[in-house]
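Our numbering applies: residue 5 is where the sequence shown begins, and numbers increase by one. All residues carry an ideal CB built from backbone N, CA and C; glycine is no exception. Owing to the predicted nature of the structure, the values given are computational and were not obtained by experimental measurement. What follows is one structure encoded as structure tokens, with my remarks underneath.
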Amino acid sequence: MKLSRSLNLYDSISLMFSSMVGPGVFITTGYILSQTPNPNLVLLCWILGGLLAVAGAMSYAKSASIFPFAGGDYVYLKEAYSPIVAFSSGWLALSVNFSASISLSAIAFSKTLFSLLDPSWDVYFFEAKFLGITFSIGSAQLLGMSAILFFTIVNFFGIAIASRIQNLFTTLKILGLALFVILGFTFGNYNLDHFTSFPLLPKEPKEWGFLLAGVIPVTFSYLGWNMITYVAEEVKKPEKNIYKAVLISCTLVTLLYVLINFLYLSSAPSSVLTGDEKIGVTAAGFLFGKEVTYLVTAFICWVFMGGISAYIIGGSRIYFAMARDGYFFPSMSKLHPKYESPYMSLAFQCGYACLFSLVKEIESLLYLITCSTLLLATITAYTPIIFEKRNFITTFKIPGYPYSTYLYIASNIVIIAVLVWSKPAEALWGIGFTLLSVPMYFYFKSAKRISASPLPPPVFDPLPADRQISSLLPENEPVPLAGGERR
């Protein structure tokens with residue numbers, strides 16, 4: 005069975021936008037101020053993060069235009085490198101990236117809702133520390149798990165109804181954030197003096213270190229820029245709509261993030277905002293008065309719920325793609341006969357994401373996700389260069405290519421090094437999940453679960469025989485080629 009192409013350009017932008025605009029914009033600036041109290045450098049972190057997101061997203065989109073299949077990185081890495089590298093990408097998405105992002109959004113939603121209703125409801129019944137990370141069971145975890153289950157059930161009834169609900173979340177999110185920016189600059193009590201007492205750019209080596217450290221949580225806040233590649237098999241006219249969705253959504257989110265954080269940082273002195281994990285609510289109180297904090301808190305809860313929904317849509321397609329190729333449990337490749345949803349993948353993802361909800365600190369999840377995601381993104385960003393060397397032709401053009409891609413890869417390597425130095429526990433958890441992919445790959449390979457059924461053909465014309473280069477994959481491995489055939 006194949007997934008149907010039912011997502012138009014607006015659906016794709018909606019999914020991308022909602023995936024990118026999640027918990028990060030409302031919580032991470034407080035963490036960045038803990039690294040550097042200079043609001044000018046903090047704002048520069050958000051600008052740099054946006055540029056890196058655009059560079060990475062355009063590289064992914066180029067590969068997606070060649071192989072418009074469900075699974076994103078998994079598909080590109082399989083063709084560009086080998087099945088074990090592709091499996092590592094799917095494994096990281098399964099074991100950390102999407103599952104932990106779902107959990108982070110769910111826990112952030114719970115804690116924000118409790119702050120709106122009654123902060124005393126946010127209690128813990130049990131907690132313990134293991135390998136540098138604290139795990140707990142509390143009211144926030146239970147409510148977060150309930151939210152994950154709810155949106156999993158919604159997705160069970162198919163991508164059509166899930167995308168309509170996602171469009172609703174995204175439309176109101178766009179309107180709400182735009183209204184926040186407009187009212188903030190029109191009626192808000194922002195004060196430019198909070199910027200003028202600090203230098204505009206780093207002047208000392210340690211300040212450059214602070215800048216790099218600040219980019220780490222910003223990188224998390226932009227995660228989701230590759231969401232469209234995971235549902236590429238369900239996008240109408242993927243050769244046109246994928247890159248349009250990437251460019252439009254990334255540009256809008258970068259502009260929005262910079263404006264929102266300018267208002268945050270100009271609302272109060274840095275000393276007041278430093279370390280505040282609810283900086284969105286705090287800044288709104290300074291900008292508009294305490295009486296509007298309830299409305300802003302309710303809106304942030306809405307944004308978090310939209311993030312849960314979007315991550316569930318994208319993540320489940322990765323497990324589906326892995327199982328269809330035989331590198332995950334075969335039942336995960338099943339589609340519902342009526343709703344055409346990957347219902348077994350959705351169920352598995354729901355249970356696994358609930359386990360990640362037991363991590364107590366949102367900040368720990370943030371850094372763990374960032375480390376594992378950057379490891380994957382660094383090698384995936386190079387895939388369009390490999391495909392170009394193998395003469396896969398596409399009309400898709402990346403501005404500044406290939407220098408923009410090389411710059412993105414180099415930046416990721418530096419950020420990972422800083423993350424390992426500054427947050428070793430979270431970084432080692434991310435690296436550990438990556439290394440665990442090796443024995444898991446050989447387990448599924450030895451179980452002879454490799455699928456023999458070909459992937460559906462791409463939507464563009466196949467390459468001439470004299471332009472096709474032999475695959476880099478081992479002999480007899482299933483390979484999606486540009487002509488939709490297997491070697």
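Rounded to the nearest angstrom, what separates residue i and residue j at their Cα positions?
| i | j | result |
| --- | --- | --- |
| E83 | P242 | 19 Å |
| Y412 | T384 | 11 Å |
| F191 | L117 | 26 Å |
| K449 | C358 | 28 Å |
| F2 | K133 | Since the first residue of the chain shown is 5 and the last is 491, residue 2 is not available in this structure. |
| S503 | S274 | Residue 503 falls outside the range modelled here, since the chain spans only 5 to 491, and no answer is possible. |
| A451 | I322 | 20 Å |
| L183 | K294 | 18 Å |
| P403 | G94 | 28 Å |
| A445 | L439 | Here residue 445 turns out to be Tyr, not Ala, going by the sequence shown. Rounded to the nearest angstrom, the two C-alpha atoms are 11 Å apart. |
| L432 | T33 | 24 Å |
| I17 | F139 | 35 Å |
| Y178 | L19 | For the record, residue 178 in the displayed sequence is Ile; it is not Tyr. So the two alpha carbons sit approximately 12 Å from each other. |
| G316 | F21 | Residue 316 is actually Ile in this sequence, not Gly. So the alpha carbons of these two residues sit roughly 14 Å apart. |
| P41 | L11 | 43 Å |
| Y407 | K401 | 13 Å |
| S8 | K244 | 17 Å |
| F161 | P123 | 35 Å |
| E344 | Y14 | 21 Å |
| Y386 | A61 | 12 Å |
| K66 | E237 | 15 Å |
Helix, strand or coil, according to DSSP, for residue i in the structure here?
| i | result |
| --- | --- |
| A132 | strand |
| F155 | helix |
| L216 | helix |
| L227 | coil |
| S140 | strand |
| V127 | coil |
| V58 | helix |
| V25 | coil |
| F464 | Per-residue confidence for F464 stands at a pLDDT of 40, beneath the threshold of 50, marking its modelled position as unreliable; the derived number appears in the next sentence. Correct three-state label for F464: coil. |
| L11 | strand |
| I17 | helix |
| P458 | Confidence at P458 is low in this model, with a pLDDT of 44, below 50, so the placement of that residue is unreliable and no value is reported for it. |
Going by the CB atoms, is the gap between residue j and residue i shorter than 9 Å?
| i | j | result |
| --- | --- | --- |
| L52 | F214 | no |
| F352 | S337 | no |
| L96 | V185 | no |
| S92 | S441 | yes |
| L269 | L47 | yes |
| A272 | H198 | yes |
| L147 | W306 | no |
| Y78 | A68 | no |
| Y234 | G355 | no |
| S63 | P388 | yes |
| F360 | I70 | no |
| Y35 | K364 | no |
| I283 | S109 | no |
| W212 | P221 | no |
Below 8 Å CB to CB, which residues in the same chain sit around residue i once its five sequence neighbours on both sides are set aside?
| i | result |
| --- | --- |
| Y298 | L120 |
| L267 | F184, V185, G188, F189, G192, Y194, A287, L291 |
| L350 | T156, N159, F160, I316, S320 |
| L216 | V418, I419, V422 |
| E281 | I31, G34, Y35, I366, E367 |
Using C-beta distances below 6 Å, list every residue in its chain close to residue i, excluding the 5 sequence neighbours before and after it, in chain order.
| i | result |
| --- | --- |
| W125 | F118, S143 |
| I454 | Legend: pLDDT at I454 = 46, less than 50; position of this residue unreliable, value from coordinates given subsequently. Excluding sequence neighbours, I454 sits near G330. |
| G136 | A429 |
| F130 | I141 |
| S99 | F437 |
| M348 | S335, M336, K338 |
Closer than 7 Å by C-beta to residue i: which residues in its own chain qualify, once you throw out the five before and the five after it? Chain order, please.
| i | result |
| --- | --- |
| K115 | D126, A144 |
| A112 | P27, I31, F308, I366 |
| P43 | H198, F199, F202, L269, S274 |
| L380 | D77, S93, L96 |
| N101 | I373, S376, T377 |
| A164 | S10 |
Nearest chain E C-beta to residue i closer than 9 Å, yes or no?
| i | result |
| --- | --- |
| S69 | Although the question refers to chain E, the structure presented lacks it and comprises just one protein chain. |
For the stretch 412-423 against the stretch 368-376, are there 3 or more C-beta pairs whose distance is under 8 Å? yes
Is the number of C-beta pairs between the stretch 54-68 and the stretch 212-229 that are closer than 8 Å three or more? Flag = yes, the stretch 54-68 and the stretch 212-229 touch.
Counting pairs of Cβ atoms below 8 Å between the stretch 10-28 and the stretch 195-203, do you hit three or more? Verdict: no, contact absent.
Inspect the CB distances between the stretch 163-178 and the stretch 240-254 and report whether three or more fall short of 8 Å. no
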